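J.:
Numbering (my numbering), first residue to last: 3 to 108.
(1) In or out: residue 81 buried (at least 16 other Cβ within 10 Å) or exposed?
(2) Using a Cβ-Cβ cutoff of less than 7 Å, which residues in the same chain neighbour residue 23 once the five nearest sequence positions on both sides are dropped?
(3) Quick test of your reading: residue 44 and residue 55, contact by CB under 8 Å. State the CB separation rounded to the nearest angstrom.
(4) Counting C-beta neighbours from all protein chains within 10 Å, is the total for residue 69 16 or more, i.e. buried, or is it exposed?
(5) Per DSSP, what kind of secondary structure is residue 42 in: helix, strand or coil?
(6) Quick check on residue 3: does DSSP put it in helix, strand or coil?
(7) What is the rounded straight-line gap between the Cα of residue 40 and the Cα of residue 71?
(8) Report the three-state DSSP secondary structure of residue 108 (helix, strand or coil).
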């Protein structure tokens, strides 16, 4: 990684060089962010995904593996905002696997 890259460029770089989907905490650790600041990455990730898609004319994008409840297996498919849900609407459990993100090139 280059030191002069913006945070969004570093996010794209980390995802491009990863061989598996990464959750927001893993991305934060790889770009050198404090884990407490990881929630602010969701907005940067959304913008980075839009920029990557637009610049590549749709050939490259960031795919999201949606969050899932550990208790009942409910998959959060219809999220309005990128985030880790706090509770499962089906069983009310707070044991949620956060969303994961990966770079895809067609």
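Note that beta-carbon positions come from the ideal geometry of N, C-alpha and C, so glycine has one too. The structure presented is a predicted model; accordingly, all values stated were derived computationally and were not measured.
T.: According to the structure shown:
(1) exposed
(2) 67, 102, 103, 104
(3) Wrong, their Cβ atoms sit about 17 Å apart, outside the cutoff.
(4) buried
(5) helix
(6) Residue confidence for residue 3 is low, a pLDDT of 48 falling below 50, so the modelled location carries little weight; the figure read from the coordinates is stated next. Coil, per DSSP.
(7) 20 Å
(8) coil
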